[in-house]
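Colleague: Protein sequence lines correspond, in order, to chains A and B. Quick note: the first sequence uses this note's numbering, first residue 7, plus one each step. Quick note: the second sequence uses this note's numbering, first residue 36, plus one each step.
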Amino acid sequence: GESVGLHLPTLSVQEGDNSIINCAYSNSASDYFIWYKQESGKGPQFIIDIRSNMDKRQGQRVTVLLNKTVKHLSLQIAATQPGDSAVYFCAENNAGNQFYFGTGTSLTVIP
Amino acid sequence: ETGVTQSPTHLIKTRGQQVTLRCSSQSGHNTVSWYQQALGQGPQFIFQYYREEENGRGNFPPRFSGLQFPNYSSELNVNALELDDSALYLCASSLGGGQPYGYTFGSGTRLTVV
Numbered sequence: 007g008e009s010v011g012l013h014l015p016t017l018s019v020q021e022g023d024n025s026i027i028n029c030a031y032s033n034s035a036s037d038y039f040i041w042y043k044q045e046s047g048k049g050p051q052f053i054i055d056i057r058s059n060m061d062k063r064q065g066q067r068v069t070v071l072l073n074k075t076v077k078h079l080s081l082q083i084a085a086t087q088p089g090d091s092a093v094y095f096c097a098e099n100n101a102g103n104q105f106y107f108g109t110g111t112s113l114t115v116i117p
Numbered sequence: 036e037t038g039v040t041q042s043p044t045h046l047i048k049t050r051g052q053q054v055t056l057r058c059s060s061q062s063g064h065n066t067v068s069w070y071q072q073a074l075g076q077g078p079q080f081i082f083q084y085y086r087e088e089e090n091g092r093g094n095f096p097p098r099f100s101g102l103q104f105p106n107y108s109s110e111l112n113v114n115a116l117e118l119d120d121s122a123l124y125l126c127a128s129s130l131g132g133g134q135p136y137g138y139t140f141g142s143g144t145r146l147t148v149v
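#1: Does DSSP put Asp-90 of chain A in a helix, a strand or coil?
#2: Could you compute how far the alpha carbon of Gln-71 of chain B sits from the alpha carbon of Leu-146 of chain B?
#3: Could you please give the first and the last residue of the uninterrupted beta strand (DSSP E) stretch that includes Thr-55 of chain B?
#4: Is the beta carbon of Tyr-124 of chain B sitting closer than 9 Å to the one on Gln-41 of chain B?
#5: Using a Cβ cut-off of 8 Å, pull out every chain B residue sitting near Gln-104 of chain A, in sequence order please.
#6: Between the alpha carbons of Phe-99 of chain B and Ala-85 of chain A, how many angstroms are there, rounded?
#7: Could you tell me which residues DSSP puts in a beta bridge with Asp-55 of chain A?
#8: Do the region 100 to 118 of chain B and the region 71 to 85 of chain A meet, that is, are 3 or more Cβ pairs less than 8 Å apart?
#9: List the DSSP bridge partners of Arg-63 of chain A.
#10: Excluding sequence positions up to five away, which residues of its chain have a Cβ less than 6 Å from the Cβ of Phe-105 of chain A?
#11: Return the bridge partner residues of Arg-92 of chain B from the DSSP annotation.
#12: Taking 6 Å as the limit between beta carbons, can you name the residues of its chain near Ser-68 of chain B, skipping five residues before and five after?
#13: Using a Cβ cut-off of 8 Å, which residues of the region 81 to 110 of chain A contact any Cβ in chain B, in chain order?
#14: Do Pro-50 of chain A and Pro-78 of chain B have their C-beta atoms within less than 9 Å of each other?
#15: Chain B partners of Gly-49 of chain A, CB-CB under 7 Å?
#16: If you measure beta-carbon to beta-carbon, which residues of the region 21 to 55 of chain A are closer than 9 Å to chain B?
#17: Is it true that the CB of Trp-41 of chain A sits closer than 9 Å to the CB of Ile-54 of chain A?
#18: Give me the Cα-Cα distance between Gly-143 of chain B and Asp-120 of chain B, rounded to the nearest whole angstrom.
#19: Cβ of Val-39 of chain B less than 9 Å from any chain A Cβ?
#20: For Leu-118 of chain B, name the three-state secondary structure that DSSP assigns.
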């Protein structure tokens, strides 16, 4: 079965610092990845995605890095703000119709 | 453009009962996927509906069933509720069956089984 895991269950950062959230995946056939943000009482919100033919993709204040050699995904958030406090999930897809989600990392931004 | 809406937002059921959860997909989306999210865990895929047919299923027993209607809205039915069914149930809509691009999640239905 699929196994998507996160290295750290919790992460605390000072406001204005950069955050890095890591994710390991086990299926080398996975070719599409998404990072989601989930705030308390809400559904997952799309942040950024990346396909396996890319190593890096940038969005507004966020960057996703994909290392297929070691099956590792990371999300970098620049200049972290209090509104970034949430649980972050990575999700993988291998051309099928479902995503496999990791357990999640809880990010707390300290003002 | 409307997003994904789910109803009800919360409900409490007794073990052994049956429950129906509802989802309206985002405008233009014809595919609905359902996920179960236990407390402190990531969402787990239940099944996907595309063109009113089940189009893939995760590791959930048959007492989890669904429907998709011509307007692409969907229902999730759970029979013979068990305590472990307590979770947040999420609906995600997308365009086209198969690999889900443009996944948009609703805010979920919080089900508590007592």
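Note that the Cβ used here is the ideal one computed from N, Cα and C, for glycine as well. Keep in mind the model is a prediction, meaning the values are calculated, not measured.
Modeller: According to the data block:
#1: Indexing the first sequence from 1 puts residue 90 of chain A at position 84. Asp-90 of chain A falls in the helix class under three-state DSSP.
#2: In the second sequence, counting from the first residue as 1, residue 71 of chain B sits at position 36. In the second sequence, counting from the first residue as 1, residue 146 of chain B sits at position 111. Rounded to whole angstroms, Gln-71 of chain B to Leu-146 of chain B spans 10 Å at the Cα level.
#3: In the second sequence, the residue the question calls residue 55 of chain B occupies position 20. Unbroken beta strand (DSSP E) run through Thr-55 of chain B: 54 to 59.
#4: Residue numbering aside, residue 124 of chain B sits at position 89 when the second sequence is read from its first letter. Residue numbering aside, residue 41 of chain B sits at position 6 when the second sequence is read from its first letter. Cβ atoms of Tyr-124 of chain B and Gln-41 of chain B: closer than 9 Å.
#5: Working through the first sequence from its first residue, we reach residue 104 of chain A at position 98. Result: Ser-68, Phe-80, Gln-83, Gly-91, Gly-93 and Pro-135.
#6: On the second sequence, position 64 is the one that residue 99 of chain B refers to. On the first sequence, position 79 is the one that residue 85 of chain A refers to. Looking at the two C-alpha atoms, the distance is approximately 43 Å.
#7: Taking the first sequence and counting its residues from 1, one reaches residue 55 of chain A at position 49. A:Ile-40.
#8: no
#9: For the purposes of this step, residue 63 of chain A is taken as the residue at position 57 of the first sequence. In DSSP, Arg-63 of chain A forms a bridge with A:Val-70.
#10: As a position in the first sequence, residue 105 of chain A is number 99, starting the count at 1. Taken in chain order, the residues that qualify are Ala-97 and Asn-99.
#11: Taking the first residue of the second sequence as 1, we reach residue 92 of chain B at position 57. According to DSSP, Arg-92 of chain B bridges with B:Phe-82.
#12: In the second sequence, counting from the first residue as 1, residue 68 of chain B sits at position 33. So the list reads Gln-83 and Ala-127, once near-sequence residues are dropped.
#13: Phe-95, Ala-97, Asn-99, Ala-101, Gly-102, Asn-103, Gln-104, Phe-105, Tyr-106, Phe-107, Gly-108, Thr-109 and Gly-110
#14: Position 44 of the first sequence, counted from the first residue, corresponds to residue 50 of chain A. Position 43 of the second sequence, counted from the first residue, corresponds to residue 78 of chain B. Contact: yes.
#15: Start at 1 with the first residue of the first sequence, and residue 49 of chain A comes out as number 43. Think of a sphere of 7 Å around the beta carbon of Gly-49 of chain A: the chain B residues whose beta carbon falls inside it are Leu-125, Phe-140, Gly-141, Ser-142 and Gly-143, in chain order.
#16: Asp-37, Tyr-38, Ile-40, Tyr-42, Gln-44, Gly-47, Lys-48, Gly-49, Pro-50, Gln-51, Phe-52 and Asp-55
#17: The residue you call residue 54 of chain A lines up with position 48 of the first sequence. The residue you call residue 41 of chain A lines up with position 35 of the first sequence. For Ile-54 of chain A and Trp-41 of chain A, yes; Cβs fall inside 9 Å.
#18: Here residue 143 of chain B corresponds to residue number 108 of the second sequence, with the count starting at 1. Here residue 120 of chain B corresponds to residue number 85 of the second sequence, with the count starting at 1. Gly-143 of chain B and Asp-120 of chain B: Cα-Cα distance of roughly 14 Å.
#19: Counting from 1 along the second sequence, the entry for residue 39 of chain B is found at position 4. Closer than 9 Å: yes.
#20: Counted from its first residue, the second sequence places residue 118 of chain B at position 83. It is helical.
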